[in-house]
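J.: I'd like to ask you about the structure that follows.
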Amino acid sequence: MSPDGVLEYNSRVSETSQSPGPALVAGRSCDGCTLCCKVLNIGSLRKPRNVWCQHCDIGNGCMIYEQRPGECRDFYCTYRVSPELGEEWKPSVSKMVVNFESGIRRVNVSVDPDFPGAWQRDPYYGQLKAMALHLLRGQGHLLVWEGGEPIAILPNRDVRLGPGRDNIIVVRGRSTPTGEDYDAVSLAPDDPRLSEFTQS
Ligand code: SF4
Ligand code: SF4
772 MSPDGVLEYN SRVSETSQSP GPALVAGRSC DGCTLCCKVL NIGSLRKPRN
822 VWCQHCDIGN GCMIYEQRPG ECRDFYCTYR VSPELGEEWK PSVSKMVVNF
872 ESGIRRVNVS VDPDFPGAWQ RDPYYGQLKA MALHLLRGQG HLLVWEGGEP
922 IAILPNRDVR LGPGRDNIIV VRGRSTPTGE DYDAVSLAPD DPRLSEFTQS
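Note that the sequence shown covers residues 772 to 971 in our numbering.
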């Protein structure tokens, strides 16, 4: 392990970083975190979700900072880039890493497997419900990933979508006499029911 590497890791997301990237929220840092190095999969390293990267000095930083893959260089969790998330969303505190896939307008909330149910605690659950409603009204959706499986957070229910790594998650909403009603399913790519849903 290189102590310098650890320092550089922390500085990669500092306000003085020279690399082009998303605008970062002033006053926030990765100090004391590294949870993204556990809960996210890193394809180029063949690192699955929910196991620590072999190169992570847990809570401190990356031991291969200069050689870290592009996926790591480019990644900032939503806590770092969105002032709309409060301080309670620092992943080392919340035990959840939030990221936004802009192409499919999906917010992913990846829960530390050592803290199951973290997303159901206050003040997080109410905020997730509000975020989900906001996203759905803009053709997006919100998934909580717990135990490696997705849960669709909907205003009226939470839907455990189960395994199916290559499945397509579709969400649909409709107006009813008592308000908006939403549902979500996870379908195999060749499932004929896909055409019945608004694909997301
Ligand atoms: S999860 Fe977010 S705050 Fe934590 S180390 Fe990764 S980018 Fe930084
Ligand atoms: S290579 Fe470094 S930055 Fe990337 S997941 Fe591993 S420890 Fe984290």
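Glycine is no exception: its CB is placed at the ideal position from the N, C-alpha and C atoms.
Around the Cβ of Gly909, are there at least 16 other Cβ atoms within 10 angstroms (buried) or fewer (exposed)?
T.: Exposed: under 16 other Cβ atoms inside 10 Å.
J.: Going by C-alpha distance, which of Glu920, Glu855 and Met902 is nearest Val810?
T.: Nearest C-alpha to Val810: Glu920.
J.: Which ranges would you report for the alpha helix (DSSP H) in the stretch 908 to 934 if only whole runs of at least 4 residues count?
T.: Fully enclosed alpha helix (DSSP H) runs of 4 or longer: not present.
J.: If you drop the 5 nearest sequence neighbours on each side, which residues of the same chain put their C-beta closer than 7 Å to that of Pro793?
T.: These residues qualify, in order along the chain: Tyr847 and Val852.
J.: Residues in the same chain with beta-carbon distance under 6 Å from Cys827, minus the five sequence neighbours each way, listed in chain order, please.
T.: Excluding sequence neighbours, Cys827 sits near Thr805 and Cys808.
J.: Relative to ligand 1, what is the chain-ordered list of residues with a Cβ closer than 6 Å to any of its non-hydrogen atoms?
T.: Here the list is Val784, Cys801, Cys804, Thr805, Leu806, Cys807, Tyr847, Cys848, Tyr850, Arg851, Pro862 and Val868.
J.: Could you tell me whether the Cβ atoms of Lys866 and Asp845 are closer together than 9 Å?
T.: Against a cut-off of 9 Å, the Cβ pair of Asp845 and Lys866 comes out as no contact.
J.: Taking the beta strand (DSSP E) that Arg877 belongs to, which residues open and close that run?
T.: Segment Arg877 to Val882, the beta strand (DSSP E) holding Arg877.
J.: Under 8 Å from any heavy atom of ligand 2, does the C-beta of Arg820 make it?
T.: Every heavy atom of ligand 2 is 8 Å or more from the Cβ of Arg820, so no.
J.: State yes or no: is the C-beta of Glu842 nearer than 8 Å to some heavy atom of ligand 2?
T.: Yes; taking the cut-off as 8 Å, the Cβ of Glu842 has a heavy atom of ligand 2 nearer than that.
J.: Would Ile924 pass as a contact of Leu899 if the rule is Cβ separation under 9 Å?
T.: In this structure, Leu899 lies closer than 9 Å to Ile924 by Cβ.
J.: Can you tell me whether Ser946 is buried or exposed, with buried defined as 16 or more other CB within 10 angstroms of its CB?
T.: Exposed, because fewer than 16 other Cβ atoms sit within 10 Å of the Cβ of Ser946.
J.: Could you tell me the alpha carbon to alpha carbon distance between Val878 and Arg892, rounded to whole angstroms?
T.: Answer to the nearest angstrom: the Cα atoms are 18 Å apart.
J.: Considering just the uninterrupted stretch of the beta strand (DSSP E) at Gly950, what are its terminal residues?
T.: Run containing Gly950: Gly950 to Leu958, per the beta strand (DSSP E) assignment.
J.: Determine the extent of the alpha helix (DSSP H) in which Thr849 is found, giving its start and end residues.
T.: Taken as a continuous stretch (DSSP letters only), the alpha helix (DSSP H) holding Thr849 covers Thr849 to Val852.
J.: Which of the three DSSP states, helix, strand or coil, is assigned to Cys801?
T.: Coil at Cys801, not helix or strand.
J.: Report yes if the C-beta distance between Ala889 and Val930 is below 9 Å; otherwise report no.
T.: No, these two residues do not count as a Cβ contact at 9 Å.
J.: Is any heavy atom in ligand 2 found nearer than 8 Å to the beta carbon of Gln910?
T.: Because no heavy atom of ligand 2 lies under 8 Å away, the Cβ of Gln910 does not count as near it: no.
J.: Looking at the structure shown, is Glu837 part of a helix, part of a strand, or coil, going by DSSP?
T.: DSSP places Glu837 in helix when its eight states are reduced to three.
J.: So the beta strand (DSSP E) Ser946 belongs to, where does it begin and stop?
T.: Ile939 to Thr947 is the span of the beta strand (DSSP E), which, as asked, contains Ser946.
J.: Quick check on the DSSP output: the beta strand (DSSP E) that includes Val869 runs from which residue to which?
T.: From DSSP, the beta strand (DSSP E) with Val869 extends over Met867 to Glu872.
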